[in-house]
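These notes concern the structure reproduced below.
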Amino acid sequence: MLVIYQLVMLDLPILLVKLVDVPEMNYTSEDQPYPRGEICARGPIIFQGYYKDEVQTREVIDEDGWLHTGDIGLWLPGGRLKIIDRKKNIFKLAQGEYIAPEKIENVYAKCKFIAQCFVYGDSFNSCLVAVVAVEPEVLKSWAALEGIQYEDLRQLCSDPRARAAVLADMDSIGKEAQLRGFEFVKAVTLVAEPFTLENGLLTPTFKVKRPQAKAYFAKEITDMYAQLLDAESAKPKL
Numbered sequence: 015m016l017v018i019y020q021l022v023m024l025d026l027p028i029l030l031v032k033l034v035d036v037p038e039m040n041y042t043s044e045d046q047p048y049p050r051g052e053i054c055a056r057g058p059i060i061f062q063g064y065y066k067d068e069v070q071t072r073e074v075i076d077e078d079g080w081l082h083t084g085d086i087g088l089w090l091p092g093g094r095l096k097i098i099d100r101k102k103n104i105f106k107l108a109q110g111e112y113i114a115p116e117k118i119e120n121v122y123a124k125c126k127f128i129a130q131c132f133v134y135g136d137s138f139n140s141c142l143v144a145v146v147a148v149e150p151e152v153l154k155s156w157a158a159l160e161g162i163q164y165e166d167l168r169q170l171c172s173d174p175r176a177r178a179a180v181l182a183d184m185d186s187i188g189k190e191a192q193l194r195g196f197e198f199v200k201a202v203t204l205v206a207e208p209f210t211l212e213n214g215l216l217t218p219t220f221k222v223k224r225p226q227a228k229a230y231f232a233k234e235i236t237d238m239y240a241q242l243l244d245a246e247s248a249k250p251k252l
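Sequential numbering from 15 applies to the sequence shown in this note's numbering.
Set out below in structure tokens:
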């Protein structure tokens, strides 16, 4: 959808605004009751780019001159535009720390056990958890060295020793990358099934569909936070 705002006296368009579909977050122009999408703007009042930084400019201004704001908006009756979300998936934890999950996932991608990673947190919890699609051969090789017996990859993924090994490696990678304390994942679920287009967890550009992943792994996320709460409750009171 496209809206043109005009200077009343000059009758000249000064700003064009449109919403662009963001399928990985389930925001589209076909949404009901109101269209939703990333807010993009173009016009003479829009800045032309970052000073002497062509790379960063291209990240926010496309070849047609549209500024991609990163804000998710919806059109309300009367042409009103309301901001409802951020495309870059920045969220807050319970104590107010801001989290950029994709940055953390890119750090953990260096972990030898990890093929794909979905980092999750919300404003009701004070720490992060993750669902990891494992590198099968790496995990199997580790199990062989540890003398761990298992029937199939799914059973190995559910072994507490495997989870502990993966989390320890993630901690090591996180320290090397100088993640801040609240950016470290505190619990992990290992899955044998990769994230794919077919199971609805990836976009066509192979990015994790975060809302879909949250729904798909809802039980695992709930279980991880419950386990962390139990572990915290079991600590001796000083």
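C-beta: ideal position from N, C-alpha, C; glycine also.
Residue i versus the options, residue with shortest Cα-Cα distance
i    : options                   : result
N103 : D85, Q109, W89 and L159   : D85
L159 : A179, V145, S172 and R56  : A179
F231 : R175, V143 and A248       : V143
V222 : K124, A123 and C131       : C131
E197 : G51, K189 and R168        : K189
W156 : V145, C171 and Y48        : C171
I28  : I60, L181, P49 and L211   : I60
K101 : P115, L242, G93 and P91   : P115
E151 : I118, I162, D173 and F127 : F127
V205 : A176, E44 and L88         : A176
N40  : I235, T217 and T236       : T217
E149 : V199, A129, E212 and M184 : A129
I53  : F220, G92, D35 and A147   : D35
P37  : T219, T71 and P91         : T219
E119 : I162, Q163, V146 and G195 : V146
Span of the alpha helix (DSSP H), counted from its first residue to its last, around residue i
i    : result
R224 : R224 to Y230
DSSP three-state assignment for residue i, whether helix, strand or coil
i    : result
L215 : coil
E13  : Nothing in the structure corresponds to residue 13, since the chain is present only between 15 and 252.
Q192 : coil
V148 : strand
A201 : strand
W89  : strand
I235 : helix
K249 : coil
I113 : strand
K124 : coil
K154 : helix
Q20  : For Q20, the predicted structure reports a pLDDT of 43, less than 50, and the residue's modelled location is therefore unreliable. The matter cannot be settled from this model.
L107 : coil
I60  : coil
L30  : strand
I187 : helix
Extent of the continuous beta strand (DSSP E) run through residue i
i    : result
C171 : Where C171 is concerned, there is no enclosing beta strand (DSSP E), although the alpha helix (DSSP H) it sits in stretches over L167 to C171.
Y134 : I128 to Y134
I98  : R94 to R100
A55  : R50 to R56
Whole-angstrom C-beta distance between residue j and residue i, which should lie under 8 angstroms
i    : j    : result
L215 : Q226 : 6 angstroms
Q241 : A201 : 6 angstroms
L30  : G51  : At roughly 14 angstroms, the Cβ-Cβ gap does not stay under 8 angstroms, so L30 and G51 are not in contact.
L88  : Y48  : 5 angstroms
Note to self: Three Cβ pairs or more, each shorter than 8 angstroms: is that satisfied between the region 138-146 and the region 78-98?
What the structure shows: no
Check: Taking one C-beta from the region 104-117 and one from the region 161-171 each time, how about it: are there three or more such pairs within less than 8 angstroms?
Finding: no
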